[in-house]
Amino acid sequence: MTLAIIDLGTNIFHLRIVKVQADGSFLELFRRSQFIKLAADGIGTIGPEPFQRGLTCIQEYAQILVQHQADQTRAIGTAAMRTASNGSAFIQAVKETTGLEITLIDGDQEAHYIHRGVEQAVQFGADKKLIMDIGGGSVEFIIADLDEVYWAQSFPVGMAVLYRNFHQSDPISTAEIADLRVFLSRQLTSLQAALNQFEVTDLVGTRGTFDVLVAQFSTAKQGPHCEILPIDELPSFFAKVTQTSLAERSMMPEIPADRIDMIVVGMLLIQFVLEMTGVPRILVSDFDVKEGVLAEMAQQALKNNASQS
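Numbering of the sequence shown is given in this note's numbering, commencing with residue 3 and proceeding in unit increments.
Below, the structure written as structure tokens:
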């Protein structure tokens, strides 16, 4: 059976197509990601240009789905589509032009799927880990071990939110950094309370913003889909990135061109969370919400096949 997931994030639209093997594992057939930046004009409205970019992207993805003859497809919308006043208009436009139906998932559902995806890549044990999934509109945090999810919450502190509110100067000013940190300390009070209650040994980041750190500092792998980052050299890198202008960052090969605008607030966010946790390392998972949704789809498909046989 061939399954497909379209993850319509605030910044990036992802498509992943897999074939479900007999043991329930995935054989990847196709993967693509496109930067759309739905919140380029603000998190409250999808502007005309990102609206059209997003629609064009989904139309391209729909053609790819036909080529791969996907048996089942799920399309999910997250923070920007939940928040935007014209999010429903975008969903309707997608349905009218492609036939695809987008399902909006809330922060709790997103956290559930992220955990389900991450646990396929990261080796969990008795020690608790803090999972951090950085999106454009929101950031999901989950505290879990091998057996249980102890706490999970979604916060409206995504990259697009932080960038629009706290990165007006070029390079970012000391005052803007201070304001951003005050904002995070106020927004993340319940995360701090959870960390006081549950001791975590690792910070687990999902692909995206953390890829920049992987490119620079990955020295080992925990498994085929998980990188290990020691944090000793991170403070100097955080300082280097936050002191650069947009033009200077465009000359840094370790930062992808599509990330040079928002990477500063991304690094400041990771730095802030590292300070909160005090953990000695970061694990970076190849898998996230997409693989969580695919796992659920595969489980249901195998269950249906078993009941019919």
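C-beta: ideal position from N, C-alpha, C; glycine also.
Buried or exposed by the 16-neighbour rule on C-beta atoms within 10 Å, applied to residue i
| i | result |
| --- | --- |
| P226 | exposed |
| R188 | exposed |
| G127 | exposed |
| R33 | exposed |
| Q312 | Any property of residue 312 remains undetermined from this structure, which presents the chain solely from 3 to 311. |
| P255 | exposed |
| A162 | buried |
| Q122 | buried |
| L29 | exposed |
| G210 | buried |
| P237 | exposed |
| D110 | exposed |
| D108 | exposed |
| A113 | buried |
| T246 | buried |
| V141 | buried |
| S192 | exposed |
| A82 | buried |
| G137 | buried |
| S156 | buried |
Continuous alpha helix (DSSP H) stretch holding residue i: start and end
| i | result |
| --- | --- |
| L270 | I265 to T279 |
| F53 | P50 to H70 |
| G225 | No alpha helix (DSSP H) holds G225; the beta strand (DSSP E) holding it covers A222 to G225. |
| V214 | F212 to F219 |
| F157 | No alpha helix (DSSP H) contains F157, which is instead part of the beta strand (DSSP E) from V151 to F157. |
| T99 | G89 to T100 |
| L190 | Run containing L190: none; DSSP gives neither H nor E here. |
| A1 | Residue coverage of the chain in this structure runs from 3 to 311, which leaves residue 1 outside it and unanswerable. |
Straight-line Cα distance separating residue j from residue i
| i | j | result |
| --- | --- | --- |
| S90 | F15 | 17 Å |
| E103 | T12 | 18 Å |
| G139 | R55 | 18 Å |
| E235 | Q199 | 29 Å |
| D129 | I145 | 10 Å |
| F168 | A41 | 15 Å |
| R118 | V291 | 8 Å |
| A1 | H70 | The requested residue 1 does not occur in the structure, where the chain is confined to residues 3 to 311. |
| T99 | Q61 | 7 Å |
| G294 | T176 | 39 Å |
| F53 | E201 | 42 Å |
| I8 | T85 | 19 Å |
| I288 | Q310 | Sequence inspection shows Asp at residue 288; the Ile mentioned does not correspond to that position. Straight-line Cα distance between these residues: approximately 34 Å. |
| I19 | D25 | 17 Å |
| Q74 | T4 | 7 Å |
| R251 | P258 | 9 Å |
| Q224 | R283 | 12 Å |
| K2 | T279 | There is no way to answer for residue 2, as the model of the chain reaches only from 3 to 311. |
| A154 | L132 | 9 Å |
| I262 | Q302 | 40 Å |
| I78 | L106 | 6 Å |
| Q36 | D147 | 32 Å |
| C228 | V206 | 9 Å |
| A222 | F239 | 19 Å |
| Y152 | M253 | 42 Å |
| D43 | N88 | 12 Å |
| V159 | R166 | 11 Å |
Three-state secondary structure assigned by DSSP to residue i
| i | result |
| --- | --- |
| L197 | helix |
| G112 | Reading the sequence as shown, one finds Glu at residue 112 and not Gly. The answer is helix: DSSP assigns E112 an H, G or I state. |
| P237 | helix |
| M134 | strand |
| D204 | strand |
| F289 | coil |
| I38 | coil |
| A146 | strand |
| K126 | The question names Lys, yet the displayed sequence has Phe at residue 126. In the structure shown, F126 sits in coil (DSSP, three-state: anything other than H, G, I, E or B). |
| I179 | helix |
| H16 | strand |
| R166 | helix |
| Q23 | coil |
| Q302 | helix |
| Q74 | strand |
| E229 | strand |
| E30 | strand |
| R209 | coil |
| G79 | strand |
Residue interval of the beta strand (DSSP E) (run including residue i)
| i | result |
| --- | --- |
| I9 | A small correction: the amino acid at residue 9 is Asp; Ile does not occupy that position in the sequence shown. Counting along the chain, the beta strand (DSSP E) containing D9 begins and ends at T4 to L10. |
| T105 | I104 to L106 |
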